[in-house]
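Trainee: The structure under discussion is supplied below as structure tokens; questions concerning it will follow.
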Amino acid sequence: MRVVLAGATGTLGGVLVPQLRAAGHTVLGLTRSPERARELAEAGVQARVVDVMDEQRLLAALDGHRADAVIHQATAITGTPLRHRDLHPTDDLRELGTANLLRAAELVGARRFITQSFFLGYGYYDHGEAKLTEDHPFAPPGRGAFERHMRSMRANERQTFAAEGIEGIALRYGFFYGPEVSTRKLMAMASRRMLPMPKPSGVTCPIHIADAAAATVAALERGRAGQAYNIVDDTPIAFADFIAAVAEAAEAPAPRTVPGWLLRPTPYMHALMVGTRIRLANDKAKRELDWRPEHPSCHDGLRHMASA
Ligand SMILES: NC(=O)c1ccc[n+]([C@@H]2O[C@H](COP(=O)([O-])OP(=O)(O)OC[C@H]3O[C@@H](n4cnc5c(N)ncnc54)[C@H](OP(=O)(O)O)[C@@H]3O)[C@@H](O)[C@H]2O)c1
Numbered sequence: 000m001r002v003v004l005a006g007a008t009g010t011l012g013g014v015l016v017p018q019l020r021a022a023g024h025t026v027l028g029l030t031r032s033p034e035r036a037r038e039l040a041e042a043g044v045q046a047r048v049v050d051v052m053d054e055q056r057l058l059a060a061l062d063g064h065r066a067d068a069v070i071h072q073a074t075a076i077t078g079t080p081l082r083h084r085d086l087h088p089t090d091d092l093r094e095l096g097t098a099n100l101l102r103a104a105e106l107v108g109a110r111r112f113i114t115q116s117f118f119l120g121y122g123y124y125d126h127g128e129a130k131l132t133e134d135h136p137f138a139p140p141g142r143g144a145f146e147r148h149m150r151s152m153r154a155n156e157r158q159t160f161a162a163e164g165i166e167g168i169a170l171r172y173g174f175f176y177g178p179e180v181s182t183r184k185l186m187a188m189a190s191r192r193m194l195p196m197p198k199p200s201g202v203t204c205p206i207h208i209a210d211a212a213a214a215t216v217a218a219l220e221r222g223r224a225g226q227a228y229n230i231v232d233d234t235p236i237a238f239a240d241f242i243a244a245v246a247e248a249a250e251a252p253a254p255r256t257v258p259g260w261l262l263r264p265t266p267y268m269h270a271l272m273v274g275t276r277i278r279l280a281n282d283k284a285k286r287e288l289d290w291r292p293e294h295p296s297c298h299d300g301l302r303h304m305a306s307a
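Using numbering that gives the first Met the number 0, count along the sequence shown one by one with no gaps and you end on 307.
Shown next, in the form of structure tokens:
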């Protein structure tokens, strides 16, 4: 397929572009940076320099181009989001960015549209022990500052599914880790004994970025129109245990335990590491996309990363 990829230069995009090409798809990458566009071109990938938040420029940049699919992987989570406002540019990319990219899909004649969604769209709270399937309500109203994030995740998926003439698919990715910037930062912090293990600890759903990219290619080829898929590994894990595994992969000493309330001054972090306990089922993605995570647990993925 001919694919337009927003976020081709990002954390996931960097892994996804080679996987798409290896599967025989051609990619036109979008970036705001002329330098990154040159890097994409040097790697043999066509590129357009454009900000997806600017609808008119986006449509002008793609005028005359034809494609079968658009994939939206543009996010703006520079660094670890500590405060709510750190997520607002990403919220905007999920509302206006998605709307603009859907218009771009129409312009280029694309029938398929795949958007990046997020496992915490099920809600930042304690979901108990049961594994949630995609039938569980997604993006319920959020408390206080959380509502802006929930609204954007709701808008992202709803627009994708409702767009006329489009086969829309949403991938609810788990917590990314692997050979990428955030994991490397966590490993560096662990080496300096600056990475605390909260107690009590939340429960999270990791996904190695190579597995997330593989699921994206599978969804492009085999995903059902109007469907959301949980893209997580097989092993939900306590956040404290995830941090211990990161430290082990970094060959760092065991992290110190800190009381969870100490993270309250950074409310988003507190919600992620302490307040949210969530387990997701990935059976639908396995069944319908014919996809399996190569790294069924983050212990496996982090060990693999350390040995590489
Ligand atoms: N599920 C998860 O856990 C999850 C999800 C997302 C991100 N993260 C983490 O957050 C960290 C940062 O990741 P990130 O993906 O936000 O940043 P990133 O790696 O810098 O990638 C962001 C991508 O979105 C593109 N982009 C952003 N705004 C754009 C706009 N207005 N117009 C066009 N393209 C735009 C960027 O393109 P240009 O900069 O080239 O224009 C880039 O390709 C990573 O460690 C990642 O793992 C985690």
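Glycine residues also receive a C-beta, built at the ideal position from the N, C-alpha and C atoms. Predicted, not measured: the structure shown is a model, and the values here were computed from it.
#1: Whole-angstrom Cβ separation of Ala-162 and Phe-112, contact assumed at under 8 Å?
#2: Just mark Glu-41 as buried or exposed, buried being the case when its beta carbon has 16 or more other beta carbons within 10 Å.
#3: Please classify Gly-9: is it buried, with 16 or more other beta-carbons within 10 angstroms of its beta-carbon, or exposed?
#4: Would you say the beta carbon of Val-179 is closer than 7 Å to some non-hydrogen atom of ligand 1?
#5: Determine the contact status of Thr-234 and Pro-295, defining contact as a CB-CB distance below 8 Å.
#6: Using a Cβ-Cβ distance cut-off of 8 Å, determine whether Gly-141 contacts chain D.
#7: Per DSSP, what kind of secondary structure is Ile-242 in: helix, strand or coil?
#8: When the Cα atoms are used, what is the spatial distance from Asp-232 to Arg-276?
#9: Between the region 240-257 and the region 195-215, can you find at least three pairs of beta-carbon atoms closer than 8 Å?
#10: Using 10 angstroms around the beta-carbon of Tyr-169, count the other beta-carbons present and answer buried if the total reaches 16, otherwise exposed.
#11: Assuming the contact rule is C-beta atoms closer than 8 Å, Ala-66 and Val-107 should be a hit. Round their C-beta distance to whole Å, please.
Mentor: Reading from the atomic positions:
#1: 7 Å
#2: exposed
#3: Counting Cβ neighbours within 10 Å, Gly-9 comes out buried, since at least 16 surround it.
#4: In the sequence on display, residue 179 carries Glu and not Val. Because some heavy atom of ligand 1 lies under 7 Å away, the Cβ of Glu-179 counts as near it: yes.
#5: yes
#6: Structure shown: chain D not included; a single protein chain is present.
#7: helix
#8: 16 Å
#9: yes
#10: Before going further, note that residue 169 is Ala rather than Tyr in the sequence given. That one is buried.
#11: 4 Å
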